[in-house]
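Residue numbers (the working numbering): 175 to 389.
The beta-carbon is built from N, C-alpha and C at its ideal position, and this holds for glycine as well.
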């Protein structure tokens with residue numbers, strides 16, 4: 175039986191994590207919508223440079239977050255969120271604003287449903303998380319294959335698989351974050367947890383967006 179203090183501490187940790195993730199998503203979508211008005215005038219070199227910088231930033235943040243001050247960790251997470259908005263502005267152009275709102279709403283519903291499974295289930299989701307990570311590698315390979323073998327049916331299958339895989343990862347990550355709280359009940363843990371869930375949300379969003387852009 176868990177004590178009231180542990181339950182309260184866990185709720186506080188998860189609440190801070192979700193709030194920071196939500197702020198990151200808000201920044202991403204505001205920057206993305208604003209930048210989409212100008213992104214077609216930006217050279218591909220700048221866009222690819224932003225993508226590379228984005229990758230370097232997320233790897234560095236994951237590795238060094240524990241060594242940063244709380245303010246620095248939050249700052250760089252928000253900077254990464256803004257930079258991600260710049261790179262996502264390209265895909266925002268594939269649908270209209272009404273579809274974009276629908277995609278965001280569907281993604282939020284899927285994310286929250288998966289997250290609730292991770293928080294409430296008593297089953298250990300470690301095995302599911304490991305399988306999902308293997309499927310992520312498979313998704314990367316399938317995406318590369320799509321560059322050479324263009325198929326509408328194949329693309330549909332990849333999109334559906336991506337949604338399922340990152341839905342499973344969201345449930346696993348949420349359960350892991352719930353357990354992480356017992357060892358890392360500080361803002362560094364919150365930033366790392368927020369980044370993890372942020373990436374899960376963005377990946378689900380991108381696969382749902384691909385489904386809508388097919389229409």
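With a Cβ-Cβ cutoff of 9 angstroms, do residue i and residue j count as a contact?
i	j	result
residue 342	residue 192	no
residue 371	residue 242	no
residue 340	residue 381	yes
residue 292	residue 245	no
residue 236	residue 366	yes
Just confirm the distance between the C-beta atoms of residue i and residue j, as a whole number of angstroms; I'd bet it's less than 8 angstroms.
i	j	result
residue 277	residue 203	The Cβ separation is near 11 angstroms, so there is no contact.
residue 263	residue 213	5 angstroms
residue 313	residue 335	7 angstroms
residue 351	residue 284	That pair is no contact at about 18 angstroms.
residue 252	residue 231	About 11 angstroms; that fails the 8 angstroms criterion.
residue 205	residue 260	6 angstroms
residue 266	residue 326	Not a contact, Cβ separation roughly 22 angstroms.
residue 320	residue 332	7 angstroms
Please classify residue i as buried or exposed, where buried requires at least 16 neighbouring CB atoms within 10 angstroms.
i	result
residue 349	buried
residue 306	buried
residue 363	buried
residue 347	buried
residue 361	buried
residue 300	exposed
residue 384	buried
residue 377	buried
residue 200	exposed
residue 226	exposed
residue 374	buried
residue 281	buried
residue 220	exposed
residue 188	buried
residue 354	buried
residue 248	buried
residue 274	buried
residue 379	buried
Compute every distance between the C-beta of residue i and the non-hydrogen atoms of the ligand MN, then say whether any falls below 8 angstroms.
i	result
residue 218	As far as ligands go, the structure on display features none, and thus does not contain the ligand MN.
* **Every unbroken alpha helix (DSSP H) inside the region 243-327 [4 residues or more]** => 244-266, 271-294, 300-320
* **Segments assigned alpha helix (DSSP H), at least 4 residues, entirely inside the region 183-244** => 218-238
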